[in-house]
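Structure record follows, encoded as structure tokens.
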Amino acid sequence: MTVNLASFLYLVSGILFILALRGLSHPTTSRRGNLYGMIGMGIAIATTLALALPSAGRFGLIVLGLAIGGSIGAVTARRIAMTSMPQLVAAFHSLVGFAAVMVAAAAIYAPESFGIGTAGDIHAQALVEMSLGVAIGAITFTGSVIAFLKLDGRMSGKPIM
-19 MTVNLASFLY LVSGILFILA LRGLSHPTTS RRGNLYGMIG MGIAIATTLA LALPSAGRFG
41 LIVLGLAIGG SIGAVTARRI AMTSMPQLVA AFHSLVGFAA VMVAAAAIYA PESFGIGTAG
101 DIHAQALVEM SLGVAIGAIT FTGSVIAFLK LDGRMSGKPI M
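In structure tokens form, the structure reads like this:
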């Protein structure tokens, strides 16, 4: 796969994610928005796998991870009542922030794996990107945990001083 094709597919995927968010904002378009999100994620995963060309063993681990994560998500979605959906979204959103922090930490400890330099000599652009990823991810994580606790009634709505 060429870099131009991969960039185009990632762009299409990003556009589908934006359309998914737009579609999920209204009950009448939520099914279509959900479909856009699934197609966008499928394109992003397929493009990443086509670029990485993992070995059979690593491909198996990727499929296993997708199966485990998909199963947990499906079971959770079936068990949560619609009235608890905001709490579920906040809880899952906190995991997105946590993942951003963990990816940045992994890049610091193994920069060769990410192609951003060597230990002790990481490219300046990558350091800026990782710093932003950690900052935004940490804020997202803590904010989403607080949102979950407030929505679930485990924390008062009063500002914390």
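In my numbering, the protein residues as written are -19 to 141.
Glycine included, C-beta positions come from ideal geometry on N, C-alpha and C.
*Between the stretch 34 to 47 and the stretch 109 to 118, do at least 3 Cβ pairs fall closer than 8 Å?*
No: fewer than three Cβ pairs fall under 8 Å.
*Assuming A80 contacts G117 (C-beta within less than 8 Å), just tell me the rounded distance between them.*
Separation of the CB atoms of A80 and G117 is rounded to 3 Å, and the pair is thereby assigned contact status at 8 Å.
*asked:* On the DSSP letters alone, give me the boundaries of the alpha helix (DSSP H) that L68 sits inside.
replied: In the DSSP assignment, L68 falls within the alpha helix (DSSP H) that extends over 65 to 89.
*Cβ-based burial, L(-4) [other Cβ within 10 Å; buried from 16]*: Buried, by the Cβ-count rule.
*N14 vs A0 beta-carbon contact at 8 Å*: Yes; because the gap between Cβ atoms is below 8 Å, this pair is in contact.
*Looking at C-alpha atoms only, which residue of L(-9), L68, F39 is the closest neighbour of I52?*
Minimum Cα distance to I52 is reached at L68.
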